[in-house]
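Notes for the one structure printed next.
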Amino acid sequence: MLQTTTNTIAKVLKIDYSVNVKFKGVYTDTRKRMDGALFIALVGDNFDAHDYIYQAQQMGAVAIIANKSVDSQLPILVVNDTQTALSTIASWHLQNIKPIVIAITGSNGKTTTKNMLANILSLQAPTLKTQGNLNNHLGVPMTLLTLEKQHQYAVIEMGANHLGEISHLRKIVNPDIAIVTNTLDAHIGTFGGFDNLVKAKGEIYSKNSKNIINTQSIFTGDVSFTPHGNTKVSGNNGDIFASNIVNNKFDLNIHQQKISITLNLIGIHNIDNALAASACVYPLGIDINLIKQGLEATKAEPGRLEIIHTKQFRIIDDTYNANPYSTIIALKTLQNFSGEKIIVLGTMEELGNYSKMFHFKIGQLAKKSADTFYSYGKIALHHCSIHFEKKQPLANHILTNHTNATILIKGSRMAKLNKLVDLLKK
Ligand code: ATP
Ligand code: UDP
Ligand code: MG
1 MLQTTTNTIA
11 KVLKIDYSVN
21 VKFKGVYTDT
31 RKRMDGALFI
41 ALVGDNFDAH
51 DYIYQAQQMG
61 AVAIIANKSV
71 DSQLPILVVN
81 DTQTALSTIA
91 SWHLQNIKPI
101 VIAITGSNGK
111 TTTKNMLANI
121 LSLQAPTLKT
131 QGNLNNHLGV
141 PMTLLTLEKQ
151 HQYAVIEMGA
161 NHLGEISHLR
171 KIVNPDIAIV
181 TNTLDAHIGT
191 FGGFDNLVKA
201 KGEIYSKNSK
211 NIINTQSIFT
221 GDVSFTPHGN
231 TKVSGNNGDI
241 FASNIVNNKF
251 DLNIHQQKIS
261 ITLNLIGIHN
271 IDNALAASAC
281 VYPLGIDINL
291 IKQGLEATKA
301 EPGRLEIIHT
311 KQFRIIDDTY
321 NANPYSTIIA
331 LKTLQNFSGE
341 KIIVLGTMEE
351 LGNYSKMFHF
361 KIGQLAKKSA
371 DTFYSYGKIA
381 LHHCSIHFEK
391 KQPLANHILT
401 NHTNATILIK
411 GSRMAKLNKL
421 VDLLKK
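With full-length UniProt numbering, the residue at position 391 of the sequence shown is 391, and numbering never jumps.
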């Protein structure tokens with residue numbers, strides 16, 4: 001965690017300043033305690049934190065960064081733009097600690113690959129990783145600001161909805177190793193077409209990093225996005241690949257070495273994620289046994305193909321989010337289980353003009369993939385499913401009409417199908 005003085009920060013931000021106080025930690029939310037810390041007032045869509053300067057002091061802040069002079073007893077550093085100040089301080093802190101940084105972006109699998117990487121690298125040396133999903137223009141710098149002296153590795157997840165966002169994050173982070181897990185169809189609506197999506201992810205690559213192209217996943221990206229080669233490939237004919245795949249078991253092949261792996265995660269895509277993580281640590285000279293140990297220690301994040309056993313059912317909780325590709329994978333994964341199969345699908349958001357077409361196709365596939373197919377929410381798949389508009393009636397229906405089944409539940413975050421999982425647990 002950053003620990004320094006306001007005078008040092010003033011130099012970093014190139015502003016005139018005279019009151020010197022020590023602080024430890026940087027915070028942006030007055031709803032949490034921040035004793036002895038620096039508070040940066042950000043302007044968001046809902047709130048302007050400049051309205052909460054008094055609360056910042058109440059919550060323990062000892063200095064403030066603001067975009068105007070505000071009424072406060074605390075020392076205030078005034079900058080043009082507080083968000084830029086946050087990024088500048090984060091970059092500076094990173095340069096002081098100098099860990100080896102691995103940056104991950106992609107349509108799917110970022111968090112899982114990040115967890116795998118952090119589990120592997122922590123076996124070698126202290127490692128910082130992005131907490132949860134804090135992967136945007138605020139989450140990335142906030143993550144960097146928690147770096148401690150002992151951290152030798154940092155694994156940073158980067159998310160984007162628009163062109164230019166990853167490029168912005170790359171400049172803050174300046175990674176040693178960069179990977180695009182894949183360029184599937186996530187957020188295709190907001191990117192403005194597939195070409196732009198591929199371009200946007202490719203912004204993570206630069207001449208300063210070793211760039212990993214994951215050809216195992218459908219990486220449709222143009223390799224020219226990696227300007228200076230420096231590429232390790234994971235893929236069928238690549239240096240790093242999986243063989244003898246049986247459900248969650250496979251042989252990991254890394255150059256001339258081979259080791260058997262049993263993942264604690266279901267879904268074929270997690271083998272892709274394991275290969276992506278292996279490809280990133282290979283250039284760091286990490287022993288293959290540590291790679292195995294780290295991969296096998298990785299567990300499902302809540303709501304990402306997480307298996308939950310209830311009295312009546314085996315639930316595959318994939319309610320965290322949904323897009324067409326991840327839904328296809330979930331449907332395939334369900335085929336690995338025997339017995340009665342049920343699917344509950346909610347709406348897939350962020351598909352723009354492609355929405356209708358994708359929902360139709362996925363609906364057809366879902367119908368073929370299970371004994372019973374329930375759809376839920378806004379986009380009704382009436383053509384092929386039993387449709388419900390409310391969760392409680394759907395839960396009641398499932399509880400009274402089925403027993404001992406495996407139920408895959410998936411939908412976009414906005415569908416909040418995790419609440420259905422809770423209802424079925426009771
Ligand atoms: P977000 O954009 O929400 O941060 P993410 O990229 O971090 O997502 P994860 O949280 O690792 O992705 O996984 C979310 C879901 O994406 C999984 O439950 C699964 O359905 C799908 N998924 C994960 N990895 C892959 C992959 N390699 N290929 C395709 N789909 C994947
Ligand atoms: N904020 C705060 N105290 C509050 C409400 C908001 O410090 O009581 C901060 C919040 O943490 C954020 C900023 O004000 O840094 C802008 O908030 P908003 O919710 O608008 O952010 P966004 O919606 O962009 O995430
Ligand atoms: Mg994520």
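Quick reminder that beta carbons are idealized off the backbone N, C-alpha and C, glycines included.
Since the model is a prediction, treat every value here as computed from it, not as a measurement.
Looking at residue i and the ligand MG, is the gap between the Cβ and the nearest heavy atom below 6 Å?
i    : result
N133 : yes
K299 : no
K110 : yes
Cβ of residue i within 6 Å of any heavy atom in the ligand ATP?
i    : result
D272 : yes
G294 : no
G346 : no
R304 : yes
I102 : no
S326 : yes
G202 : no
N182 : yes
I329 : yes
Under a three-way DSSP split, which group does residue i fall into?
i           : result
G221        : Any reading at G221 needs caution, since the residue's pLDDT is 48, under 50, leaving its predicted position unreliable; the model's value is listed next. Three-state DSSP puts G221 in coil, outside helix and strand.
Q3          : strand
N230        : Unreliable positioning characterises N230 in this predicted model, as indicated by a pLDDT of 44, which lies under 50. The coordinate reading is nonetheless provided below. Looking at N230 - three-state DSSP - the assignment turns out to be coil, as it is neither helix nor strand.
residue 428 : The structure shown has nothing for residue 428, since the chain only spans 1 to 426.
A242        : strand
V21         : coil
I286        : coil
E296        : helix
N214        : strand
T378        : Here the sequence assigns Lys to residue 378, which means Thr is not the residue at that position. K378 falls in the coil class under three-state DSSP.
D318        : strand
N253        : strand
V62         : coil
D48         : strand
K410        : strand
L184        : coil
T127        : strand
T310        : coil
I204        : coil
residue 453 : Absent from the model: residue 453. The displayed extent of the chain is 1 to 426, so no value can be given.
A118        : helix
A160        : coil
T347        : coil
Between the Cα of residue i and those of the options, spot the shortest distance and give me the residue it belongs to.
i           : options                : result
N418        : G202, T327, E306, A178 : E306
N135        : Y153, I166, T127, H383 : I166
M158        : L284, N196, K114, F194 : K114
residue 455 : D422, I64, A395, T347  : Residue 455 is absent from the structure shown; the chain starts at 1 and stops at 426.
R413        : N323, K390, V79, T333  : N323
P99         : L144, V79, D29         : L144
D16         : N247, I266, I65, S326  : I65
T298        : T310, R31, L121, D29   : L121
N208        : I240, H50, G36, K171   : K171
K368        : L351, N401, K332       : K332
N7          : Y205, V78, L252        : V78
Y354        : Y52, V198, G193        : G193
V155        : V281, Y52, A56, G36    : V281
P302        : F373, D422, D29        : D422
S338        : K410, Q257, M357, N247 : N247
H168        : T28, T127, A200, Q73   : A200
L365        : Q392, Q335, K390       : Q335
V173        : I204, T190, G36, A330  : I204
N133        : P393, S91, N321        : N321
K251        : N214, I286, L295, L284 : For the record, residue 251 in the displayed sequence is Asp; it is not Lys. Among N214, I286, L295, L284, the Cα nearest to that of D251 is on L295.
G363        : T327, G352, I259       : T327
L351        : F191, L263, D371, M142 : F191
L263        : S206, T111, A300, P283 : A300
Does the beta-carbon of residue i, which I'm using as the reference point, lie nearer than 6 Å to any heavy atom of the ligand UDP?
i           : result
A49         : yes
residue 427 : Since the displayed the chain opens at 1 and closes at 426, residue 427 lies outside it and no answer follows.
D45         : yes
L121        : no
D29         : yes
L420        : no
Y54         : no
L147        : no
L42         : yes
Can you confirm whether the stretch 169 to 188 touches the stretch 98 to 110 when touching is taken to mean that 3 or more C-beta pairs between the two stretches lie within less than 8 Å?
yes
Contact between the stretch 289 to 302 and the stretch 269 to 279: three or more CB pairs below 8 Å?
yes
Could you check whether the stretch 394 to 409 touches the stretch 328 to 342, counting it as contact only if at least three pairs of C-beta atoms, one from each stretch, sit closer than 8 Å?
Segments in contact, yes.
Tell me whether the stretch 74 to 93 and the stretch 25 to 42 touch, counting them as touching only if at least three CB pairs, one residue from each stretch, are closer than 8 Å.
A contact exists between the stretch 74 to 93 and the stretch 25 to 42.
Can at least three beta-carbon pairs, one atom from the stretch 236 to 255 and one from the stretch 309 to 316, be found at a separation below 8 Å?
Taking a contact to require three or more Cβ pairs closer than 8 Å, the stretch 236 to 255 and the stretch 309 to 316 do not qualify as touching.
At least 3 beta-carbon pairs within less than 8 Å: the stretch 137 to 151 vs the stretch 196 to 212
no
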